[in-house]
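A quick write-up on the structure given underneath.
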Amino acid sequence: DAGVTQSPTHLIKTRGQQVTLRCSPKSGHDTVSWYQQALGQGPQFIFQYYEEEERQRGNFPDRFSGHQFPNYSSELNVNALWLGDSALYLCASAEGNYGYTFGSGTRLTVV
Amino acid sequence: QQQVKQSPQSLIVQKGGISIINCAYENTAFDYFPWYQQFPGKGPALLIAIRPDVSEKKEGRFTISFNKSAKQFSLHIMDSQPGDSATYFCAASKEGFQKLVFGTGTRLLVSP
C-alpha cells in the first residue's frame with residue numbers, strides 16, 4: 007500500500023506566481039483534506055474534499071483553491087503567492103470520519 | 179473555541195523514563211482526540227486516539243488519559259527510547275466534520 011502520495015516534494019516559487027500541488031490518497035480513501043504547516047507550528051486546516059465537492063473550508067483566503075477528481079486524487083492551487091505562503095503543505099486522506107493518513111508533504115518556498 | 183492548547187513546548191527525557199505531554203480544549207463538541215508523531219521531513223503519523231466515552235486507552239508503550247470534565251487529555255510514553263525523539267501533536271475534531279484542530283506541538287528529545 008503506497009499510502010498518501012504528494013508531489014512535488016519541494017518547490018521554489020517567486021512572489022506573485024501560482025502553484026499547483028498534487029495528492030493521491032491512500033487506496034480506498036475517498037476523503038481528502040489539505041493542511042498548511044508553518045515552521046515550528048501545528049498543521050492548519052485549509053479545506054476538505056469529498057465526492058469532488060469542497061465540504062469544509064478553514065480560515066484561508068480565496069487564493070487557495072482545490073479540486074478533487076473522480077479517482078479521489080486532489081490538487082491544491084495557490085494564486086498570487088507571497089512570502090507568508092512558505093510552508094509544508096500536507097495532504098491527508100480517510101475513509102469515513104476518522105483515522106486520517108497524512109502524506110509527507112510538499113515543502114513550498116516563496117522567494 | 180476551536181483552540182487546542184498543548185504543553186510543554188519541548189521536553190527532554192532520559193532513556194527509560196516517562197514522557198508526558200498535555201493538551202486542553204475548549205469546544206465540548208469535540209469527540210475524537212488523536213495524537214500524531216512527526217519526524218523531520220515527514221508528515222504526521224497517527225499514534226493513538228481516544229473518544230470521550232473512555233478515560234484511558236493504552237497501546238504498547240503509549241497511553242492516552244482523558245478527563246472530560248476538565249477538558250484535558252494527555253499522552254504518556256512509557257520506557258521512552260531515543261527513537262521516540264520527534265515532535266508530537268495532539269488534535270481534536272467533531273464527528274461529521276472531520277477537520278482536525280491541532281495543538282502547537284511538543285518537541286521530545288530522549289537522551290541515550
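Protein sequence lines correspond, in order, to chains A and B. Heads up, the first sequence is in this note's numbering, so the first residue is 7 and it goes up one at a time. Heads up, the second sequence is in this note's numbering, so the first residue is 179 and it goes up one at a time. Backbone N, C-alpha and C fix where the C-beta goes; we use that ideal spot for every residue, glycine too.
* Is the beta carbon of Leu96 of chain A less than 9 Å from the beta carbon of Gln12 of chain A? -> The answer is yes: Cβ separation under 9 Å.
* To do: Pull up the distance between the alpha-carbon of Asn77 of chain A and that of Thr37 of chain A, whole angstroms please.
  => Going from the Cα of Asn77 of chain A to the Cα of Thr37 of chain A covers about 11 Å.
* Asked: Name the residues in the segment 195-228 of chain B whose C-beta lies less than 9 Å from a C-beta of chain A; which are they?
  -> Taking 9 Å as the Cβ-Cβ cut-off against chain A, the residues of the segment 195-228 of chain B that qualify are Tyr210, Pro212, Tyr214, Gln216, Gly219, Lys220, Gly221, Pro222, Ala223, Leu224, Ala227.
* Spell out the partners DSSP gives Asn245 of chain B in its beta bridges. => Bridge partners of Asn245 of chain B: B:Gln250.
* So is His35 of chain A buried or exposed if we call it buried at 16+ other beta carbons inside 10 Å? -> So His35 of chain A counts as buried.
* **Whole-Å CB distance - Arg285 of chain B paired with Ser197 of chain B, under 8 Å assumed** => In fact, because the Cβ distance is near 11 Å, the residues do not count as touching under 8 Å.
* Please state whether DSSP places Pro14 of chain A in a helix, a strand or coil. => Of the three classes helix, strand and coil, the one that applies to Pro14 of chain A here is coil, per DSSP.
* Taking the DSSP output, what are the residues bridged to Phe267 of chain B? -> Within the DSSP bridge table, the entry for Phe267 of chain B names B:Tyr214 as partners.
* Assess, as a yes-or-no matter, whether the segment 264-279 of chain B is touched by the segment 203-217 of chain B under the definition of 3 or more beta carbon pairs within less than 8 Å. => Of all C-beta pairs linking the segment 203-217 of chain B to the segment 264-279 of chain B, three or more are shorter than 8 Å, placing the two stretches in contact.
* Note down the Cα distance separating Leu59 of chain A from Phe217 of chain B, rounded to an integer number of angstroms. => The identity of residue 59 of chain A in the sequence shown is Glu, whereas the question assumes Leu. Each residue's CA atom was taken as its position, placing Glu59 of chain A and Phe217 of chain B some 32 Å apart.
* Taking a Cβ distance cut-off of 9 Å, strictly less, list which residues of the segment 86-99 of chain A are near chain B, in chain order. => Taking 9 Å as the Cβ-Cβ cut-off against chain B, the residues of the segment 86-99 of chain A that qualify are Leu94, Leu96, Cys97, Ala98.
* Label Gln184 of chain B either buried or exposed according to how many other C-beta atoms from any shown protein chain fall within 10 Å of its C-beta, with 16 as the threshold for buried. => Classification of Gln184 of chain B: buried, given that the 10 Å Cβ count is 16 or more.
* In chain A, which residues lie less than 9 Å from Thr284 of chain B when you measure between Cβ atoms? -> Taking a Cβ-Cβ threshold of 9 Å, none of the residues of chain A is close to Thr284 of chain B; the smallest such distance is about 10 Å.
* Near Leu27 of chain A, which residues of its chain fall below 6 Å by C-beta distance, leaving aside the five closest residues on each side in sequence? -> Leu82, Tyr95, Thr112, listed in sequence order.
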